[in-house]
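Trainee: The structure follows.
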Amino acid sequence: MVDDVDRRLAQADGRLAQNAETTKRAAEATAGAAVKAKTAAERATELAADRTLFAAERTYAAWVRTGLVGLASGIGSNKLLAGVVPGWMILGTGTVLLLFSAFCFGAGVWRQLVIGTAPAEPGIRRIPPVILAVVNGFLGLVALTALVGLWVGPAG
Numbered sequence: 129m130v131d132d133v134d135r136r137l138a139q140a141d142g143r144l145a146q147n148a149e150t151t152k153r154a155a156e157a158t159a160g161a162a163v164k165a166k167t168a169a170e171r172a173t174e175l176a177a178d179r180t181l182f183a184a185e186r187t188y189a190a191w192v193r194t195g196l197v198g199l200a201s202g203i204g205s206n207k208l209l210a211g212v213v214p215g216w217m218i219l220g221t222g223t224v225l226l227l228f229s230a231f232c233f234g235a236g237v238w239r240q241l242v243i244g245t246a247p248a249e250p251g252i253r254r255i256p257p258v259i260l261a262v263v264n265g266f267l268g269l270v271a272l273t274a275l276v277g278l279w280v281g282p283a284g
């Protein structure tokens, strides 16, 4: 009877050692998978931050493009509408278009620089804010100077 108990204890010890080795290998595999999953999640987050940055730059470009169209339309309204509509309407149209142009240049910079929730760190560099402010500030100045020219310059 004692031999039978000893044999069963030895078998149980053997199974326990095998189970411990299997558990150890499973833990190592799980740890490796966790590292891979973390790396994949970090990369996905970085790519999402890149896409967010590119979307913000496209939005900025749309504001500038719209501002440039407003600037060109405001400047051209004097020549285009002369003899077609009364002078006060030409002046009003040009004024609205040029003010809208200046607004678009300001809104483009504001929307690019004032972000809501801080995004994850992207893998690409942002356009330096000083460049955006200087370029759009100059374009806004051109729009306001054109507005002054529209009001004090010679009529169409």
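Going by our numbering, the first residue of the sequence shown is number 129, and it counts up by one from there. Glycine included, C-beta positions come from ideal geometry on N, C-alpha and C.
1. Consult DSSP for VAL224 and reduce its assignment to one of helix, strand or coil.
2. Hey, how far is the Cα of GLY236 from the Cα of VAL242?
3. Decide yes or no for the touch test of the region 216 to 230 against the region 194 to 208: beta carbon pairs closer than 8 Å, at least 3 of them.
4. Can you say whether GLY281 is buried or exposed, counting buried as having 16 or more other CB atoms within 10 angstroms of its CB?
5. Identify which residue in GLY220, ALA190, GLY251, THR221 has its Cα closest to the Cα of ASN264.
6. LEU278 and GLY222: beta carbons closer than 8 Å?
7. Got a sec, what are the start and stop residues for the alpha helix (DSSP H) ALA210 sits in?
8. Helix, strand or coil for ARG254 per DSSP?
9. Between the Cα of ILE255 and those of ARG171, GLU185, ALA169, ARG153, spot the shortest distance and give me the residue it belongs to.
Mentor: Straight from the coordinates:
1. Position 96 of the sequence shown holds residue 224. Three-state result, VAL224: helix.
2. Translated into positions along the sequence shown, residue 236 becomes position 108. Translated into positions along the sequence shown, residue 242 becomes position 114. Between GLY236 and VAL242, the C-alpha separation is close to 10 Å.
3. The region 216 to 230 makes contact with the region 194 to 208, as at least three CB pairs between them are under 8 Å.
4. For the purposes of this step, residue 281 is identified with residue 153 of the sequence shown, where counting begins at 1. Flag for GLY281 reads exposed.
5. To locate residue 264, count along the sequence shown from 1; it is residue 136. Minimum Cα distance to ASN264 is reached at ALA190.
6. Walking along the sequence shown from the start, residue 278 turns up at place 150. Walking along the sequence shown from the start, residue 222 turns up at place 94. Against a cut-off of 8 Å, the Cβ pair of GLY222 and LEU278 comes out as a contact.
7. By one-based count along the sequence shown, residue 210 stands at place 82. Here ALA210 belongs to no alpha helix (DSSP H), and DSSP marks it neither H nor E.
8. For the purposes of this step, residue 254 is taken as residue 126 along the sequence shown, with counting starting at 1. In the structure shown, ARG254 adopts coil according to DSSP, grouped into three states.
9. Looking up residue 255 in the sequence shown gives position 127. Taking each of ARG171, GLU185, ALA169, ARG153 in turn and checking the Cα distance to ILE255, the smallest one comes out for GLU185.
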